[in-house]
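Participant: Handing you a structure now.
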Amino acid sequence: MSDKKPKNVFREGAISSDFIGNSIYKHQTKTSIGAHNIFLGQVRADEIDGKIVSAIEYTAYEDMANQKFHDIREAAFEKFDLTCMHIYHSLGTVKNGEICLFVFVSSPRRKVVFKALEYIVEAIKADVPVFGKEIFEDETHQWKVNS
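Going by the numbering used here, the sequence shown opens with residue -7, and the numbers climb by one from there.
Written out as structure tokens, the structure is:
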């Protein structure tokens, strides 16, 4: 594992398609990359007890969460032959249909990016202290259960 300082992976509000596109665009000139894989976590308009989720308000223990994201990143680079990786998560309110988690990995080989992306997303869901408060259309709320 490296001694790099954890970077801030948080973005305020939804992660825009422009931000995602620009992050991907930067890598098209890297001729050592043979495959990219992307995970976009999107807020669903779930129905819970007859109420529809209109948004999720994300909060986190930011220093701890950034360290966990860093640890996951470092472990993935150690475990898989990755060329690059981006991880970004929203804080604040994200409406249903908007993107709240963006994970992008690149590698010389396609099979690697599939395995690495699944590993990374599962580790994020299991280990990172990010919490979501589901806001319903009637403006009531409840704390989200990871799914």
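The beta-carbon is built from N, C-alpha and C at its ideal position, and this holds for glycine as well. Small disclaimer: the values here were computed from a predicted structure and weren't measured.
(1) With a cut-off of 8 Å, do at least 3 Cβ pairs link the region 12 to 28 to the region 47 to 65?
(2) What beta strand (DSSP E) runs, 3 residues minimum, are completely inside the region 11 to 90?
(3) Taking the alpha-carbon positions, what's the residue 40 to residue 47 distance?
(4) Look up residue 127 in the DSSP assignment and say whether it is helix, strand or coil.
(5) Determine the direct distance from the alpha carbon of residue 126 to that of residue 21, and round the result to whole angstroms.
(6) What span of residues does the alpha helix (DSSP H) with residue 102 cover, start to end?
(7) Per DSSP, what kind of secondary structure is residue 9 in: helix, strand or coil?
(8) Have a look at residue 7 and residue 50 and give me their C-alpha separation to the nearest angstrom.
(9) Do residue 137 and residue 60 have their CB atoms nearer than 7 Å?
Facilitator: Quick look at the numbers:
(1) no
(2) 27 to 34, 43 to 52, 76 to 87
(3) 13 Å
(4) strand
(5) Rounded to the nearest angstrom, the gap between the Cα atoms of residue 21 and residue 126 is 40 Å.
(6) 102 to 119
(7) helix
(8) 13 Å
(9) no
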